[in-house]
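Reading through the structure tokens given below for one structure.
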Amino acid sequence: MNAAKLPAACAPWVRTRLRTAPGVSAALAVLVLLTAFLAAAFPRSVDAYETKALRHDVASAPPGQSVLEVATPPPSLGRAPSVRESAVREKALSSARDALVKALPAPARADLRNSSYGVHTTKPLVADEAWLPRPDALPPQLTYAAPSALPGHSTLRSGRWPAARGPVTLDTREVEAAVTEETARTLRMKPGSTVAVPTRSGVELTVRITGIVAPLRPESGYWAVDPLFRAPSLIRDPGSRTPVFYWRGTLLLPPDTGPALLATMGEPELYWRLAPDASGLTAADVPALASGIAAVENGPGLLKLRDIAGPNTTLTTDLDAILGAYTSMRAAIGPVVTVAAVGIGAVAAVVLLMTGALIGARRHHELALLRSRGGSLRGIGGRLLAETAVAVLPSAALGLLLAVLLVGDARFLPALLGACAVAALVCVALPLRTALHHRTPLLHGARDDVMDSRPSRRRTVAELTLLVLAVGAVAALRRRGTSAGSGADLLVSAAPVLVGLIAALVLVRLYPLPLRLAARPVARLRGAVGFLSLARAGRASSSGTLPLLALLIALTTAAFGGSVLAGVADARDEAALRAVGADARISGEGAPSPVPDGVLRQVRAVDGVEDVAPVRIEYRTALAASLDVRSDTKRATLMGVEPESYARLARDGGLPAFPAASLRSGPGQDEALPAVVSPALADRLGERPHTIRSQAGDITVRVAAVLSRTSAVSDAEFLIVDAKGLALPEPTTLLVTGTALDTQRLLAAAKKAGPDFRVGLRAAERERFVDTPMQSGAERIYGAAVVAGAGYALLAVLLSLLQTAPERTTLLARLRTMGLTTGQGRRLLAFEAMPQALLAAFGGLLVGWATIALLAPGIDLGSLALAGATAPTTYTATLRADLRSLALPAVGVVVLAAAVAGVQAWWAGRRGSIKELRAGDTR
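Position 281 of the sequence shown, counted from 1, bears residue number 442 in the working numbering, the numbering being contiguous throughout.
See below:
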């Protein structure tokens, strides 16, 4: 028989190993699956929310800003009339539109449904018809436009659609037009009305109104680019000394009537308004889109447009400003998100290395036997690589597939690189570390514990190098923030990880000291459990740096992410409080109007209302001239309050508190009202009494206290006095405090107060600050970072306990033969696990707090928290330590360690001791 066809003498190595230990391979595969999914999902999630934010910003921008408007004058008067007429007809305009759409630089695309083109006059013409309204005795001025596809963007309300009756030329003397409902109502137009338009020849052009239309989508670019298409506007006459106004509107002519406009004095112009199509844009298209827009505005692309539309063609748009604002926000938020990504990536890498170390430790004796019988390092490493790849590569591929399926609208290459990095780390690190561990013979029973180990010089140099890197990263972050000149700086983003790494190394060096100190008094006690647990903790392997490193980085990352989310929430709460002043605010618009007493009682009776602070607010109150007041202080906001209720409002709302007695005049004091003022105003007023010119008359005030800010007003200059000291103490604003407020009853109370009164809610104001997908996407990233960090921390605890589980099981079996009870066994395992768990928990608390304190000055959460804020409420949102984010993961580590120790003691108690006490077992 041919030797090549002989059956194999033994089964393949990989198949044998997978059949022998399927649980280990399955656990490794699950861990790689989750980690590869996170590594692939993170870049795709960032791409997805950045793409969604780009599309949102372009699509939600006012059409007047986002549209690409191409305009050109008609052919000059020196050209033949037929040439001029042909250039403004529907066929020529439509052909030019198609060519302009094709000439747009990629990735810019036009949304033809919302685009339009046509001819319109750029100079308004006076309409002298007597029936037209004339505010301030000035006749209205009208513009005329012949837009495309008017029936497709509006619906006919009365009359009929305007149409071109025969070929329209320069000599046509009557055309038809339509107007919108609002234009017809304001300018008193109806079907059959006519307007005379002056022409260059002196013979008037008659425009007859034939139909009244209503816009189908008034917010679309067809109507919103030129608001006069939709509704007339009242314009102030710039040439008049006194403010006089006149109406200005637009009449809509049918297509192919453009030649008639060439004869008018309105300086007609051809236009193509191309609305951008944001549905296909991605975040990666922003640089190309920005450069393309610049090219067609003032670059080579403009030459192509002029070849199509005419030599004097121009393109105007604010789309470049929209892209600039988007890029600025992405540049501000991106580095903050990178900090979370680096932290989670470091934790995942350490946990994967821990898993490899656990698998290698479990197979130590097997591989040592192979090595003693002639196995080469290359052969052992190759077999380990094959075993690992069989379990890891399919899991990484499945994790990548899940990320691609669950997270769309993102690039594939970054996700592929993330999943491949996870697979490569496991496939290379596990065989390499395990094989190199057997490069030299190991003495059986040699001690390698934290009590006796001495760090080598190379380890000391490596630790000092990491310390220098950590100090440099923290200093750079505090000095220049999370963003570098060209984007995120990885060294700066790795600052939390480096701080956790240094802390882990320091704690490992200090770990033996408390064990030695605690072992001495415990050794004198009668019980053996305490002494054995400390002795066992001291005999732990000196390689315990890896679990502690994973725990500290995971706890630091979870604390940092939780603190970011808490800082964002606090910033929004405070900004909403500044804008509203309380949980709800009832105030009038325009001139301050007093709130009736009945309304105050009605508001106090609303469900959920806990307190109401009536306040009289007078804006821009004049300060009388005085030697004590500098000339640059002319106006301030005067507030008359009830001292007790307003002091409670400040205290309960988290604002700077002040005693209500500071607004009360004491016996023997002068007649000046005590006032609580802003710091700048206190510096200007000085200590002497000063006169304030309120709406009710002059009052004299003196500075009694200083507040950095207060509720109800965002003005930097304010004075707070007791309302009883004012001639008109009636409140103009009600500041309501409470939870679960009945909004409908508050609205009813405001309506009863007067037509000008409105209700402002703090919750509604807070929601306004989250107005972009980029903000919500970044917050979800940080929420996932917190969960992943806590999960990896707990997994690190499990891996570190599982690594020594067989040894502890054998110990319990031997001690039970010496009379150790089940309860004592549970306490022994729990006490043995507590030193490292407590070290990690308290170290994580301390390192998390220190990391946040060190990095807070360099991290601004303003772009992430307050992108929708207006100018008065914008301010720097700083990072602060969140106690819950610090404490919960740390407590979870301790609880899990105790639970695992208890479960192991219970399970070992149920099993017999024969297997653990076999003769010759070296465990």
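Even glycine gets a Cβ: it sits at the ideal position worked out from N, Cα and C.
Pair within 8 Å by beta-carbon distance, residue i and residue j
i, j, result
"L199", "I494", "no"
"S556", "A197", "yes"
"Q302", "L286", "yes"
"D570", "T212", "yes"
"E878", "A797", "yes"
"G661", "V1008", "yes"
"P775", "E803", "yes"
"A623", "A656", "no"
"V405", "D289", "no"
"L1015", "T1039", "no"
"G536", "R594", "no"
"G579", "F203", "yes"
"L423", "V231", "no"
"I942", "V498", "yes"
Local conformation of residue i per DSSP, three classes
i, result
"R975", "helix"
"D859", "strand"
"T1034", "Any reading at T1034 is ruled out, since the residue's pLDDT is 44, under 50, leaving its predicted position unreliable."
"G742", "coil"
"T1109", "As displayed, the chain neither begins before 162 nor continues past 1084, which places residue 1109 out of reach and without an answer."
"W384", "helix"
"I1020", "coil"
"A375", "strand"
"G462", "helix"
"A200", "helix"
"M426", "coil"
"V364", "coil"
"L317", "strand"
"H851", "strand"
"D917", "coil"
Environment of residue i [buried if 16+ CB atoms lie within 10 Å]
i, result
"E940", "buried"
"N275", "buried"
"F1003", "exposed"
"A743", "buried"
"H851", "buried"
"R205", "buried"
"S961", "buried"
"R987", "buried"
"W292", "exposed"
"G815", "exposed"
"M426", "exposed"
"M979", "exposed"
"V336", "buried"
Residue i versus residue j: straight-line alpha-carbon distance, rounded
i, j, result
"V447", "L484", "7 Å"
"G938", "S489", "16 Å"
"A998", "V1054", "6 Å"
"G115", "L1057", "Examination of residue 115 is not possible in this model, given that the chain is present from 162 through 1084 alone."
"E723", "V947", "Before going on, a small fix: residue 723 reads as Gly here, not Glu. Each residue's Cα considered, the two are about 6 Å apart."
"T1031", "L566", "Because T1031 sits at a pLDDT of 48, beneath the cut-off of 50, its placement in the model cannot be relied upon, and the following sentence gives the value as read from the coordinates. Distance between the alpha carbons of T1031 and L566: 38 Å."
"R870", "E735", "12 Å"
"S440", "R216", "7 Å"
"Y780", "E771", "28 Å"
"L880", "A486", "37 Å"
"R733", "A1026", "6 Å"
"D793", "L842", "The pLDDT assigned to D793 is 47, lower than 50, so where the model puts this residue is not dependable; a value taken from the coordinates is nonetheless given after this. Going from the Cα of D793 to the Cα of L842 covers about 11 Å."
"R739", "A808", "16 Å"
"T282", "R402", "28 Å"
"H525", "G540", "16 Å"
"A836", "L1044", "37 Å"
"P682", "L671", "19 Å"
"A209", "R572", "9 Å"
"S855", "P268", "59 Å"
"A631", "W1067", "44 Å"
"D844", "V511", "56 Å"
Any 3 or more C-beta pairs closer than 8 Å across the segment 390-397 and the segment 319-328: no
Meets three-Cβ-pair contact criterion under 8 Å: the segment 920-927 and the segment 893-908: With a cut-off of 8 Å, the segment 893-908 and the segment 920-927 count as touching, because enough Cβ pairs lie within range.
At least 3 beta-carbon pairs within less than 8 Å: the segment 422-434 vs the segment 278-289: Of all C-beta pairs linking the segment 422-434 to the segment 278-289, three or more are shorter than 8 Å, placing the two stretches in contact.
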